[in-house]
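Enquirer: Encoded as structure tokens, here's the structure I'll be asking about.
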Amino acid sequence: MPGAVLGNFEISLVRSATYWWDGGAFFGVVPKTLWSRRAPADELNRIPAGFNSYLIRTDEHTILIETGGGDKMDPRALERMKLPPIPEPLPDAIARHGFDPEAIDIVINSHLHWDHCGGNTILSADGAAARPAFPKARYFASRGEWEHAHERLIRDGVSYIDANYDPLVESGQMTLVDGDYEIAPGIRMRPAPGHNRDMMVVTAESAGQTFCFLSDLVPLAAHLQPSWVAAFDLYPLQAIETKTRWLAAAAENNWLCAFAHDPAIDFARIVKHPKTGFAVAE
Ligand SMILES: [Zn+2]
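Following my numbering from start to finish, the sequence shown increments by one per residue and tops out at 1064.
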């Protein structure tokens, strides 16, 4: 069971599924001759990626960061990603990892792309309604991101599925936060623009130690190289700047870090690297 102790917190990875996504989309202008050494592609140019969620257990709370891909993608999209036609409900995946999904009282979405909040809700059999997957939890997301989701811009509107968050906002179960926000003692959402305008990273601090969920600032460990940014980042120059700043802090202070989609690395300490800028500590 992949887990880490951080001060008074216990942090565990729940990789609810592995999906396959276009390698070119993940690495933007980086030539395939370079990225394919780090992430070998299949015959359809896809590389494996994880829906990585993290569970933080404190004295008072059980906190879930990200809820994966969920149950609202159509069968063709699921097949393209080599996912089963009926996705495993996230509470089941959490139980399969040895944790009680009922204990979760806080759910955090770093942003509202379908692959980060898809498991927030569960569709009814006829698909007409969505109920909370974690009925006892308070959910948190960025207000600016929620407003942006509803703009449905031609560039990225396809990334948003309102049934993943709107029923929670309407019922008052989801709190929309503005800027840097402390959710519980030591647990913070912090703006990290670049992937899109309002994405947040999540930090957890206990007894002088820091965990940092970098979300899509670093989707895969290969993206530790600052100039390696995804084609789907809306603001690549800002993504490079934000990423460099966060990784410098992570390396300097020996943070325990986590990536949104790496299919193999559960936790990583970051070090400066003469060639690639940053790397996972050996
Ligand atoms: Zn993502």
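Built from N, CA and C at the ideal position, the CB exists for glycine as well.
#1: Beta-carbon within less than 6 Å of residue 879's beta-carbon, same chain only, minus the 5 sequence neighbours each way: which residues are those?
#2: Taking only the alpha-carbon atoms, compute the straight-line gap between residue 965 and residue 971 and give it to the nearest angstrom.
#3: From residue 789 to residue 993, what does the alpha carbon distance come to, in whole angstroms?
#4: When burial is assigned at 16 or more other CB atoms within 10 Å of the CB, is residue 868 buried or exposed?
#5: Skipping 5 residues on each side, what residues in its chain have a beta carbon closer than 7 Å to that of residue 787?
#6: For residue 935, tell me which candidate among 978, 794, 810 has the shortest Cα-Cα distance.
#7: Quick one: give me the first and last residue of the alpha helix (DSSP H) that residue 870 is part of.
#8: I'd like the span of the beta strand (DSSP E) that includes residue 913, first residue to last.
#9: Could you spell out the range, first to last residue, of the alpha helix (DSSP H) harbouring residue 1022?
#10: Name the DSSP bridge partner or partners of residue 1039?
#11: What's the gap between the Cα of residue 1057 and the Cα of residue 945?
#12: Mind checking whether the beta-carbon of residue 949 lies closer than 8 Å to any heavy atom of ligand 1?
#13: For ligand 1, is there any heavy atom lying closer than 8 Å to the beta carbon of residue 997?
#14: Counting Cβ pairs, one atom from each stretch, are 3 or more of them under 8 Å apart for the segment 974-991 and the segment 1023-1036?
#15: Answer with buried or exposed for residue 848, where buried requires no fewer than 16 other C-beta atoms within 10 angstroms of its C-beta.
#16: Taking DSSP as the reference, what is the three-state secondary structure of residue 1008?
#17: To the nearest angstrom, how far is it from the Cα of residue 952 to the Cα of residue 990?
#18: If you follow the beta strand (DSSP E) that residue 791 is part of, which residue opens it and which one closes it?
#19: Considering only C-alpha positions, which residue in the set 872, 851, 1039 is nearest to residue 864?
Expert: On the basis of the supplied data:
#1: As a first step, residue 879 must be located in the sequence shown, where it is residue number 97. Taking C-beta separations shorter than 6 Å and ignoring five residues to either side along the sequence, the partners of residue 879 in its chain run 796, following chain order.
#2: For this step, residue 965 is matched to residue 183 along the sequence shown. For this step, residue 971 is matched to residue 189 along the sequence shown. Each residue's Cα considered, the two are about 7 Å apart.
#3: Sequence index remark: in the sequence shown, residue 789 carries index 7 (1-based). Sequence index remark: in the sequence shown, residue 993 carries index 211 (1-based). Their Cα atoms are separated by approximately 10 Å.
#4: Stepping through the sequence shown from its first residue, residue 868 is reached at position 86. Counting Cβ neighbours within 10 Å, residue 868 comes out exposed, since fewer than 16 surround it.
#5: Counted from its first residue, the sequence shown places residue 787 at position 5. Answer for residue 787: no residue qualifies.
#6: Numbered from its first residue, the sequence shown carries residue 935 at position 153. Proximity to residue 935 across 978, 794, 810 peaks at 978, based on C-alpha coordinates.
#7: As a position in the sequence shown, residue 870 is number 88, starting the count at 1. Looking at the DSSP string, residue 870 is not in any alpha helix (DSSP H), and its letter there is neither H nor E.
#8: Here the question's residue 913 lines up with position 131 in the sequence shown. For residue 913, the enclosing beta strand (DSSP E) stretches over residues 912-914.
#9: Here residue 1022 refers to the residue found at position 240 when the sequence shown is read from its first residue. That run of the alpha helix (DSSP H) goes 1018-1034.
#10: Sequence index remark: in the sequence shown, residue 1039 carries index 257 (1-based). According to DSSP, which records beta bridges pairwise, residue 1039 is partnered with 994, 1050.
#11: Position 275 of the sequence shown holds residue 1057. Position 163 of the sequence shown holds residue 945. In a straight line, the C-alpha of residue 1057 is about 44 Å away from that of residue 945.
#12: Position 167 of the sequence shown, counting from 1, holds the residue named residue 949. Result no, Cβ not under 8 Å from ligand 1.
#13: Translated into positions along the sequence shown, residue 997 becomes position 215. Between ligand 1 and residue 997, a heavy atom-to-CB distance of less than 8 Å is present.
#14: Because the criterion of three Cβ pairs below 8 Å is met, the segment 974-991 and the segment 1023-1036 touch.
#15: Counted from its first residue, the sequence shown places residue 848 at position 66. Per the 10 Å Cβ criterion, buried.
#16: Within the sequence shown, numbered from 1, the residue matching residue 1008 stands at position 226. Coil.
#17: Stepping through the sequence shown from its first residue, residue 952 is reached at position 170. Stepping through the sequence shown from its first residue, residue 990 is reached at position 208. Rounded to the nearest angstrom, the two C-alpha atoms are 38 Å apart.
#18: In the sequence shown, the residue the question calls residue 791 occupies position 9. The continuous beta strand (DSSP E) containing residue 791 extends over residues 791-804.
#19: On the sequence shown, position 82 is the one that residue 864 refers to. Residue 864 has its Cα closest to that of 851, out of 872, 851, 1039.
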